[in-house]
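Input: a single structure, listed below in structure tokens.
2 protein chains.
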Amino acid sequence: MADASLPLQAALRDVAGEMDRMFDSLLAVPGDPRQGLYRAMRHAAIGGGKRLRPLLVFATSRLFAVDRSRAARVAAALEAIHVYSLVHDDLPAMDDDDMRRGKPTVHKAFDEATAILAGDCLHALAFEILADEATHPDPFVRIELVGALAHAAGPSGMAGGQMMDLEAEKASFDLNTVTRLQAMKTGALISCAVECGAILGKVPVEGRTGLRGYARDVGLAFQIADDILDAEGDEALAGKKLRKDDAQGKETFLTLLGLDRARAQARLLVEQAVEHLHSYGPEADLLRDIARFTLDRDR
Amino acid sequence: MADASLPLQAALRDVAGEMDRMFDSLLAVPGDPRQGLYRAMRHAAIGGGKRLRPLLVFATSRLFAVDRSRAARVAAALEAIHVYSLVHDDLPAMDDDDMRRGKPTVHKAFDEATAILAGDCLHALAFEILADEATHPDPFVRIELVGALAHAAGPSGMAGGQMMDLEAEKASFDLNTVTRLQAMKTGALISCAVECGAILGKVPVEGRTGLRGYARDVGLAFQIADDILDAEGDEALAGKKLRKDDAQGKETFLTLLGLDRARAQARLLVEQAVEHLHSYGPEADLLRDIARFTLDRDR
């Protein structure tokens, strides 16, 4: 892991820089009364975050020699959806968070109305990016990307999972329900990132089984690690408030499995994820490193 | 107008029924913890509203003999965007409205978190509908629809206009700025409805000039009529709170032009809108009736 982590760290840095540059050019502040809105979108989208979903788009695209500038646009679209969801989830009516990525949340740095609209704009922006010819000359590819992202973002995916998560404060979910909740809330967009790499690579649906298995296992491992981080992590490193699940009385992988079994389960999922890539050669090493990284991170 | 309004009234009724049936089938309530989310989406999307944007999709599609079931899906996507924007605009942090379409607003009938998520889900749903092959077999058509809708919904369109509208409470906008604000806030989606009809009809961009002029003028006339309705209308008929612009000290077409000039301007815009359709025959009568209807409505 120590050796393998070097190219991963370099890849994370590259992707972070590339996403910042993309959002900087996509979100040029106009000279009209929408300035506050654009500043809020920039506050949310630029400078910070692990950029895990963009990295997954790049790492998967690399398997199929996809043009990097195309992968960058798709990565930015996915990250725009992820960022919008963070902005809305942080709102007082939702998770009521003051800090995110080491900075004040958007409704703290601006106001609630601006945060709602900035989220809505990033949401629309994601589809505007995908629909543009610059993303891919083939409309079949672009429309498949749109369909995958809209499904992953909507009530059957991320937003549906967030709704289940809000209900989790009132109900007492079992392991199956928590697994389904997390497969939707964070898993759907993580899987979508891998799927989009395959779509850009024009991989037919029947050729995506291994990648889908990889993405499902990585998404779940990532979430278990997130639950452990919430319970045991360092707020300064994480850049956000921790110890929230416990305060809200929510069932998580940690409360349901206990720390030892949760850790063992996450390790098993990472091994499984790597196993799903057996038909790929060294070109999939970045995907393998990402799987292992889900357990090792401090934020 | 009295004679011409009969087919229009029938068309409005038909479209209202069709949209309710579409959303009823698109938003079947699942047997899991997302029930509240789906109920909130149904509360917002079913039963009520003028369905002006869907009607414009149908009326424009009719010019090019577009299959009605395809137009219905595109109409539902546009209406989903419109409805999501109403749900978010009504939130306490935004316009803080209690009533909409004669019913409690979503955050009143449910709660704020559910309203935010229901809006987000309707937003994603719109693009999921458009990306589906059932909307049109040609991916070129589907991706052009997605691009038009994402642009109309985002920071250069509806959401950008809403941001300007929030700023209007603090600033004192002139007629040019109010016109631009409204062209974005309500005009963008109205224009998009007409544009989508043309896209479904595979009309090349250079053949859309008349329809674009029509849509721009109808959108502006609609907004001037809305300002007049806000000042002079009946809350029971409108199904929402009125007299809000004045209370917020916002400049509107009415405050900037005065009632007589605002009315004259709206009538002129409707005449211009109809004039833009000169190259179409009786198949465009519904579009002509819609233009005239913008001035005549009580809600």
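Going line by line, the protein sequences match chains A and Z.
1 is the number of the first residue of the first sequence in the working numbering; add one for each residue after it.
1 is the number of the first residue of the second sequence in the working numbering; add one for each residue after it.
For every residue, glycine included, the Cβ atom is placed at its ideal position computed from N, Cα and C.
Note that this is a predicted model, so its numbers are computed, not measured.
Please tell me whether residue 45 of chain Z and residue 57 of chain Z are closer than 8 Å, where the distance is taken between their beta carbons. To locate residue 45 of chain Z, count along the second sequence from 1; it is residue 45. To locate residue 57 of chain Z, count along the second sequence from 1; it is residue 57. No. Outside cutoff.
Beta-carbon proximity list for residue 192 of chain A, same chain, < 7 Å, skipping 5 on both sides: As a first step, residue 192 of chain A is located in the first sequence; it is residue number 192 there, counting from the start. Excluding residues within five positions, the ones whose Cβ falls inside 7 Å are 78, 148, 149 and 152.
Residue 242 of chain A versus residue 231 of chain A: straight-line alpha-carbon distance, rounded: Your numbering for residue 242 of chain A matches position 242 in the first sequence. Your numbering for residue 231 of chain A matches position 231 in the first sequence. Rounded to the nearest angstrom, the two C-alpha atoms are 7 Å apart.
Chain Z partners of residue 117 of chain A, CB-CB under 7 Å? Counting from one through the first sequence, the residue named residue 117 of chain A turns up at place 117. Here the neighbours are 159, 162 and 163.
Should residue 205 of chain A be labelled buried (16 or more other beta-carbon atoms within 10 Å of its own) or exposed? Translated into the one-based positions of the first sequence, residue 205 of chain A becomes position 205. With fewer than 16 Cβ atoms within 10 Å of its Cβ, residue 205 of chain A is classed as exposed.
Anyone know if the C-beta pair for residue 51 of chain A and residue 12 of chain A falls short of 8 Å? Walking along the first sequence from the start, residue 51 of chain A turns up at place 51. Walking along the first sequence from the start, residue 12 of chain A turns up at place 12. Their beta carbons are under 8 Å apart, which means residue 51 of chain A touches residue 12 of chain A by this criterion.
Drop a sphere of 10 angstroms on the beta-carbon of residue 7 of chain A, count the other beta-carbons inside from all chains shown, and report buried for 16 or more, exposed for fewer. Here residue 7 of chain A corresponds to residue number 7 of the first sequence, with the count starting at 1. Residue 7 of chain A should be labelled exposed.
Counted within 10 angstroms of its Cβ, other Cβ atoms place residue 278 of chain Z as buried (16 or more) or exposed: Within the second sequence, residue 278 of chain Z is the residue found at index 278, counting from 1. With fewer than 16 other Cβ atoms within 10 Å, it is exposed.
Contact between the stretch 15 to 34 of chain A and the stretch 89 to 97 of chain A (3+ Cβ pairs under 8 Å): no
DSSP-derived helix/strand/coil call for residue 158 of chain A: The sequence position of residue 158 of chain A within the first sequence is 158, counting from 1. In this structure, residue 158 of chain A counts as helix in the three-state DSSP scheme.
Give the interface partners of residue 139 of chain Z over in chain A, defined as CB-CB distance under 9 Å, in chain order. Stepping through the second sequence from its first residue, residue 139 of chain Z is reached at position 139. Near residue 139 of chain Z (Cβ distances below 9 Å), the residues of chain A are 138, 139, 140, 141, 142, 143 and 144.
Using 8 Å as the threshold, is the stretch 35 to 49 of chain A in touch with the stretch 116 to 133 of chain A, meaning 3 or more CB pairs across them? yes
Residue 30 of chain Z (DSSP reduced to helix, strand or coil): Along the second sequence, read from residue 1 onward, the residue named residue 30 of chain Z stands at position 30. Three-state result, residue 30 of chain Z: coil.
Using CA coordinates, which residue listed in Z:146, Z:169, Z:145 and Z:118 is at the minimum distance from residue 301 of chain A? A question about residue 301 of chain A goes unanswered here, because the residues of chain A that appear run from 1 up to 299.
Shortest alpha-carbon distance to residue 176 of chain A belongs to which of A:47, A:251 and A:159? Position 176 of the first sequence, counted from the first residue, corresponds to residue 176 of chain A. That would be A:251, whose Cα lies nearest to the Cα of residue 176 of chain A.
Taking a cut of 7 Å between CB atoms, which residues from the stretch 21 to 33 of chain Z lie near chain A? 33
List the residues of chain A that residue 154 of chain Z touches, going by C-beta distances under 7 Å, in chain order. Position 154 of the second sequence, counted from the start, is the residue given in the question as residue 154 of chain Z. Within chain A, the residues near residue 154 of chain Z are 121, 124, 125 and 128.
Using alpha carbons as the reference points, say which of Z:256, Z:267 and Z:164 lies closest to residue 225 of chain Z. Position 225 of the second sequence, counting from 1, holds the residue named residue 225 of chain Z. Selected option, being the one with the closest Cα: Z:267.
Beta-carbon separation (whole angstroms), residue 55 of chain Z vs residue 15 of chain Z, contact threshold 8 Å: Residue mapping note: residue 55 of chain Z aligns to position 55 of the second sequence, counting from 1. Residue mapping note: residue 15 of chain Z aligns to position 15 of the second sequence, counting from 1. Indeed they touch by this definition, with Cβ atoms about 5 Å apart.
On the DSSP bridge list, what partners appear for residue 99 of chain Z? Your numbering for residue 99 of chain Z matches position 99 in the second sequence. Answer is Z:104.
For the alpha helix (DSSP H) containing residue 269 of chain Z, name the first residue and the last one. Counting from one through the second sequence, the residue named residue 269 of chain Z turns up at place 269. Residue 269 of chain Z -> alpha helix (DSSP H) spans 259 to 275.
Alpha carbon of residue 299 of chain A to alpha carbon of residue 239 of chain A, nearest angstrom: For the purposes of this step, residue 299 of chain A is identified with residue 299 of the first sequence, where counting begins at 1. For the purposes of this step, residue 239 of chain A is identified with residue 239 of the first sequence, where counting begins at 1. Whole-angstrom Cα-Cα distance: 7 Å.
What do you reckon, are the CB atoms on residue 113 of chain A and residue 166 of chain Z nearer than 8 Å? In the first sequence, residue 113 of chain A corresponds to position 113, counting from 1. In the second sequence, residue 166 of chain Z corresponds to position 166, counting from 1. Cβ atoms of residue 113 of chain A and residue 166 of chain Z: closer than 8 Å.
Would you kindly check if the distance between the Cβ of residue 70 of chain A and the Cβ of residue 200 of chain A is under 8 Å? Position 200 of the first sequence, counted from the first residue, corresponds to residue 200 of chain A. Position 70 of the first sequence, counted from the first residue, corresponds to residue 70 of chain A. Contact: yes.
How would you list, in chain order, the residues of chain A whose beta-carbon sits under 9 Å from the beta-carbon of residue 94 of chain Z? As a first step, residue 94 of chain Z must be located in the second sequence, where it is residue number 94. Those are 112, 113, 116 and 117, listed as they occur along chain A.
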